[in-house]
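In the working numbering, the protein residues as written are 6 to 309. Where is the CB? At the ideal position from N, CA and C, for every residue including glycine.
What follows is the structure, encoded as structure tokens:
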């Protein structure tokens, strides 16, 4: 632990800063060594529902949790106090020893003696979800906001009370324009984002959007390219002509029809524009091919 804490050359990777309507907050930081191995993770949280707030720190070795340290304000006790709890884990990440100390004020914690405590496994799952933007911390499109001078992209869990994050938009590129033109239809769609965290002179952190992509928009653009490759294929001989490209046509058709069946291609104001982007002839050829009984059976077999 001391070696990690004293290593000033660790690469710092910041998660998005999340908050919800109630006022709870969540963020995380990963620390990587020269070989890009994660050696430490911090989760910073505040929970309005119970009044608790603090930090969970995890020390990692060979991809496994070996030590966890919790420093937080426990507001759920009859007399709220600050707690520092340290747990150690074996090679199977099972907790084997826990110690803790408490104090009325956080600055007094280092003065207190540790006491053996009940074994406590501090879960790493939530920290990983924050860093990986998964589940309750996923980055679905939630619209735009403005403070009058800066436009912000809003991302987060697609629920009314879910965690969300805002990123300052500095460049109105093609992807931002697509989202702006189809804002209502794109709500809840998964976005892949790249961002930087800037800190001003007052120590306030700002999240700056670098790039944003949407897999469904990319899919349609790539599908449009594939359609040109098959532009001259006669739909009446589609089965015979395309059959040699078995892997290609199965992947392409499965992706297309799964998205249609899941209602995931309605991303433009006019549905007809989807088909026009794909190319009518190619789309009709796939539809005709998909209408035969053997293909319908294969769809059912593959869970489509």
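Check each candidate in 206, 201, 207 and 205 and name the one with the smallest Cα separation from residue 214.
201
Tell me which same chain residues have a C-beta within less than 8 Å of the C-beta of residue 168, skipping the five on either side of it?
23, 24, 25, 29, 31, 141, 142, 161 and 162
Spatial distance of residue 132 from residue 152 (CA atoms)
30 Å
Below 7 Å between beta carbons: does that hold for residue 144 and residue 196?
yes
According to DSSP, is residue 129 part of a helix, a strand, or is it coil?
coil
Going by CA-CA distance only, name the one from 64, 83, 207 and 175 that's closest to residue 36.
For residue 36, the nearest C-alpha among the options comes from 64.
In terms of residue numbering, what span does the alpha helix (DSSP H) encompassing residue 196 cover?
Where residue 196 is concerned, there is no enclosing alpha helix (DSSP H), although the beta strand (DSSP E) it sits in stretches over 196–204.
According to DSSP, is residue 21 helix, strand or coil?
coil
Bridge-paired residues (DSSP) for residue 105:
90 and 120
Using DSSP with H/G/I as helix, E/B as strand and the rest coil, what is residue 183?
helix
Between the alpha carbons of residue 107 and residue 157, how many angstroms are there, rounded?
Approximately 41 Å between the Cα atoms of the pair.
Return the chain-ordered list of same chain residues with a C-beta closer than 6 Å to the C-beta of residue 58, the five sequence neighbours on each side being excluded.
51 and 78
CB-CB under 7 Å to residue 12, same chain, minus the five flanking residues each way: which ones, in chain order?
none
Looking at the strands, I want to know which residues DSSP matches up with residue 159.
Beta-bridge pairing links residue 159 to 171.
Between which residues of its own chain and residue 27 is the CB-CB distance below 6 Å, once the five residues before and five after are set aside?
Setting aside the 5 residues that flank it on each side, residue 27 is surrounded in the same chain by 53, each with a C-beta closer than 6 Å to its C-beta; the list follows chain order.
With the cut-off set at 7 Å, would you say residue 172 and residue 212 are in Cβ contact?
Closer than 7 Å, so yes.
In terms of alpha-carbon separation, which member of 17, 101 and 170 lies closest to residue 73?
101
Residue 81 vs residue 114 beta-carbon contact at 7 Å:
no
Among 186, 208 and 92, which residue has its Cα nearest to the Cα of residue 149?
Comparing alpha-carbon positions, the option among 186, 208 and 92 lying closest to residue 149 turns out to be 186.
Are the beta-carbon atoms belonging to residue 125 and residue 94 less than 7 Å from one another?
no
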